[in-house]
Structure formats: structure tokens, C-alpha cells
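Here the numbering used here = 1-based position in the sequence shown + 1302.
In what follows, a single structure is set out as C-alpha cells and then discussed.
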Amino acid sequence: MLHTFAEWQISLLQKRGATEEYPFDEHTTVYKVGGKMFALVSSDEVPLRMTLKCDPDEAEALRIQYPAIVPGYHMSKRHWNTVTLDDSIPEEEIFDLVEGSYRLVVASLPKAVREGLAKDLESRKPMMAE
């Protein structure tokens, strides 16, 4: 399980086109792709909290399934969830949530920007069983 801010920072910045900014304060890192946010991490909290974009129907289902997932802090409660990284959610689920957030944001980008990222996104799709 990734536990430290530095570990999550490395993981999030490995997304193609990902950048980080500190527009709010020195403890809230915003990760963007194509100039749009896909994740926010509060580095001054233990355990860490990460806010991620989510499909509205899935967002609600996740909140029911996991007490550590709540409506997005200071974000649209319909489209964003805040995840407390307290080991109560399987690591693979968190990685899936990060990937889902990234993909939702990429899908909303202009076509030219999406095309520049498409090759990397294709390589991330799981192999289909034949």
C-alpha cells in the first residue's frame, strides 16, 4: 500500500501529461492533465486524503460501500469523492479510482489534447480474455 505523500506523488505524476500545482496552499497538491484537475491530495493530514473525480452514480455507490469515501471536500459533491487513505479500502480499488478520475478528465479534454494522450491510455486497458 502506498502510504506516504511522496509515494502517491510519484504514482500520480506517472500519468501521461500529469502536472502538479499548489493553487490553494502548500499542503494541497492539485494534479492536472490538460489543465484540468483529476486529483487533489492533502499532504498535511494523517492518514492522507485524496479527492478524485467520479461518475455520479459510481460516486454514490462507493460512499455506501466504503465509509472512508465521502463527498468531495470543497468540490462538486455529485462528481467528486474524497478518499481517506487509511488502509480500509483495497489498494487496487484506490488505483482504479485514480485511473477512473484521470480517464474522466481526459475524456472531457479537447480532441487534439486527447489524441496526444490516446496511445498511453490504450496501453493501460486490461487485456480481454479470448
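Built from N, CA and C at the ideal position, the CB exists for glycine as well.
| task | Starting from the C-beta of M1429, find all residues in its chain whose C-beta is less than 7 Å away, skip the five residues before and the five after it, and write them out in chain order. | result | Note that M1429 has pLDDT 48, beneath the 50 cutoff, so the model's placement of it is unreliable and no number is given.
| field | Reference V1415; option with closest CA among H1329, P1325, G1319 | value | G1319
| Skipping 5 residues on each side, what residues in its chain have a beta carbon closer than 6 Å to that of I1391? | Y1368, A1370
| request: Name the residue from L1399, R1405, L1350 whose alpha carbon lies nearest to the alpha carbon of D1389. | output: L1350
| message | Would the region 1330-1344 count as touching the region 1357-1364 if we require 3 or more Cβ pairs under 8 Å? | response | Result no; under three Cβ-Cβ pairs closer than 8 Å.
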